[in-house]
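Protein chains in written order, with our numbering: chain Z, 2 to 114; chain P, 39 to 150; chain G, 12 to 254.
Here is the structure we will look at, set down as structure tokens.
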Amino acid sequence: MLDLRLYMLQRITALIMAPLTLGHIAVMIYAVQGGLTAEEILGRTQGSIFWFLFYGSFVLAVSLHAAIGLRVILHETLGLGGWALRAATWGIAFLLLAMGGQAVIAVTWSGGA
Amino acid sequence: MRPARAHPLWLAFVLHRVSGLALALFLPLHFWVLSLALTQPERLNRFLSFTEQPIAKLAEFGLVFLLAVHMFGGLRLIALEWLPWSAPQKTLAAGAVSVAALISGAFFLQVV
Amino acid sequence: MGRDSDVLQVSVWRGASAQGRYRTYEVPAQENQTVLDVVSWIQHYADASLTYRFACRVGMCGSCAMMVNDQPRWTCRTHVRKVVKEGKVRIGPLRNLPVIKDLATDMDPFFDKWVTAGGVHAPSATRDEPIPPVNPEETARLEASAGIECINCAICYAACDTVAGNPDYLGPAALQRAWTLLNDGKHGARDQILDAVSGTGGCHNCHSMGSCTAFCPNDLDPMSAIAGLKRETARTFFRRRRG
């Protein structure tokens, strides 16, 4: 159910996300000081190539990582297999990628918002 | 039948699986709220002011905890699988990383 | 032996997987008695139709493993006084394997997976060539030597929750066998092993929960052997893609 290819993808996305996660936690601790507002978040992120690349690669990696992880749980806990398991894996990956991509675009793209 | 599982590595496995599942289920909500920035900024602000509630603060703490636990648990797994170290070396390395994380985390909280 | 008046309440699994149930027997308690002694007493004096498996009685043959109070154990080397709780013991067939009858499981899936994992020795030389020397201090040989004391008792296989959730998973014993052969200088099919353990039921399904290592009666460490396979397959992953 997990072959070498999926295993490597899972580990490589994990290694990509380790420093991103530390950065994300650091930003969170910094950002929640004195409350969260949309203006504060967007003021930091919008129009920034750095945050676009940071969160863009984070979303790409987490979509693959979470899809493979949930695939394992679906197989081991619910006994899903065959085409249903394949469809679920791809479905989860695309859903997270689409929603995450939208979120990244929303907070980093339009500098004039 | 349930064989005894209350040994440290099995508990580490459960922690990793539960935290991973919880994070994966939280992600769509997280993405949806952020994408409100583009479409309905006033709704995003209403949601963000809700995060001032103590219950939301508690949930935030839980999420950061899950994220940290899943990341360090995952790094532990990769070290266990890929680094041909002896068991005491791995214990030392894990101890060093946690102490470093603790010290730098405390420092970070001091400066901001 | 003045404690013969004491009686153990022993519940034993009777029947096959689907229609079976636990039946309770009263067995005289002894100062010194193993779980296998208790099972044998039931067969000799209470119910001759009880089916179970054993051979050597000294922890070498690996045939008497059962679930004792829901833990996989070698019954010939497990003393009742170590596992008894308030005078009660529960004995069942090994987990994760189909039950033939009572305490005897069908071991075919377990041994089939040994072969699937590349566990059959492939010679690297013919009988006409000189025997290559084996240096016992060599790193790879030390890895191989660590795993060769496996007695195929399937306790690790029964303890593994990944096997329980994923029936295709080869399991700790077969993968540890693959790891010992991979490190055996006289084995001639290294690449076949790496392929055999990289498929859908291969070593990459392991979650390192370590129940195999915790329960192995011979103190072997299948979890680390599987980690070795992951390391070697990951190492060759990029090399093979390019090549």
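Idealized CB from N, CA, C, for every residue including glycine.
Note that the structure is predicted; figures quoted are calculated from it, not measured.
query: Taking only the alpha-carbon atoms, compute the straight-line gap between T127(G) and G182(G) and give it to the nearest angstrom.; result: 11 Å
query: Considering P83(G), what are the terminal residues of the beta strand (DSSP E) in which it resides?; result: Q82 to W85
query: Does V102(P) come within less than 8 Å of chain Z when only Cβ atoms are used?; result: yes
query: Under three-state DSSP, which class holds Y283(G)?; result: A question about residue 283(G) goes unanswered here, because the residues of chain G that appear run from 12 up to 254.
query: Locate the alpha helix (DSSP H) running through R114(P), then write down its first and last residues.; result: P92 to W120
query: Could you run through the segment 204 to 232 of chain G and flag, in chain order, every residue whose CB is less than 7 Å away from some CB of chain Z?; result: S209, G210, T211, G213, H215 and N216
query: Quick one: which chain P residues come within Cβ less than 7 Å of T38(Z)?; result: N83 and L86
query: Spatial neighbours of G13(G) within its chain, please: C-beta separation below 6 Å, excluding the five flanking residues on both sides.; result: Its pLDDT being 44, under 50, G13(G) is placed unreliably in this model, and the coordinates cannot settle the point.
query: In whole angstroms, what is the alpha-carbon distance linking A89(Z) and G100(P)?; result: 27 Å
query: Just checking: is the beta-carbon of I93(P) within a distance shorter than 8 Å of some beta-carbon in chain Z?; result: no
query: Can you confirm whether V28(Z), when its beta carbon is compared against all beta carbons of chain C, has any partner nearer than 8 Å?; result: Although the question refers to chain C, the structure presented lacks it and instead comprises the protein chains Z, P and G.
query: Quick one: does L121(P) have its CB under 8 Å from some CB of chain Z?; result: no
query: Let me make sure I understand the geometry here. Which of I111(G), T173(G), C214(G) and A236(G) has the alpha-carbon closest to that of A157(G)?; result: A236(G)
query: Just to confirm before moving on: does the CB-CB distance between W120(P) and G221(G) stay below 8 Å?; result: no
query: Looking at the secondary structure, which residues open and close the beta strand (DSSP E) in which R101(G) lies?; result: K99 to G103
query: By how many angstroms is the C-alpha of D172(G) removed from the C-alpha of G82(Z)?; result: 18 Å
query: Under three-state DSSP, which class holds P134(G)?; result: strand
query: For V50(G), report the span of its beta strand (DSSP E) as first-last.; result: Not the beta strand (DSSP E): V50(G) falls in the alpha helix (DSSP H), residues V46 to W52.
query: Who are the Cβ neighbours of T133(G) in its own chain at under 7 Å, not counting the five residues just before and after it?; result: It is worth fixing the name first, because residue 133(G) is Ala in this sequence and not Thr. Closer than 7 Å at the Cβ level, and outside the excluded window around A133(G), lie H198, G199 and A200.
query: Report, in whole angstroms, the separation of the C-beta atoms of V46(G) and I102(G), which I expect to be a contact under 8 Å.; result: 7 Å
query: Among the candidates F69(P), L65(P) and T89(P), whose CA atom is the shortest distance from the CA of T38(Z)?; result: T89(P)
query: Since F146(P) meets chain Z, which of its residues come closer than 7 Å, beta carbon to beta carbon?; result: A27 and I30
query: I'd like to know whether the C-beta atoms of M2(Z) and T62(G) end up nearer to each other than 8 Å.; result: no
query: R242(G) touches chain P at which residues, Cβ-Cβ below 7 Å?; result: E119, W120 and P122
query: Grab me the residues of A115(G)'s own chain with a C-beta within less than 8 Å of its C-beta, minus the 5 sequence neighbours each way, in chain order.; result: T62, Y63, R64 and P104
query: Provide the residue(s) that pair with E77(G) in DSSP beta bridges, ordered along the chain.; result: Before going on, a small fix: residue 77(G) reads as Met here, not Glu. Paired residue(s): R84(G).
query: Check whether the Cβ atoms of A66(G) and S60(G) sit closer than 8 Å, and answer yes or no.; result: no
query: Helix, strand or coil for I237(G), going by three-state DSSP, please let me know.; result: helix
query: Between the segment 175 to 193 of chain G and the segment 65 to 78 of chain Z, do three or more beta carbon pairs fall short of 8 Å?; result: yes
query: Going by DSSP, name the residue or residues bridged to H90(G).; result: T45(G)
query: So, helix, strand or coil for M9(Z), using DSSP?; result: helix
query: Counting along the chain, where does the beta strand (DSSP E) carrying R25(G) start and finish?; result: V18 to R25
query: Going along the chain, which residues of its own chain have a beta-carbon closer than 6 Å to the beta-carbon of A60(P), five neighbours each way excluded?; result: L104
query: Which whole runs of the alpha helix (DSSP H) in the segment 33 to 98 of chain Z are 4 residues long or more, in chain order?; result: 39 to 46 and 50 to 79
query: Which chain P residues are close to A19(Z), counting only those with a beta carbon under 8 Å from its beta carbon?; result: M109, G112 and L113
query: Where does F51(P) land, buried or exposed, given buried means 16+ other C-beta within 10 angstroms?; result: buried
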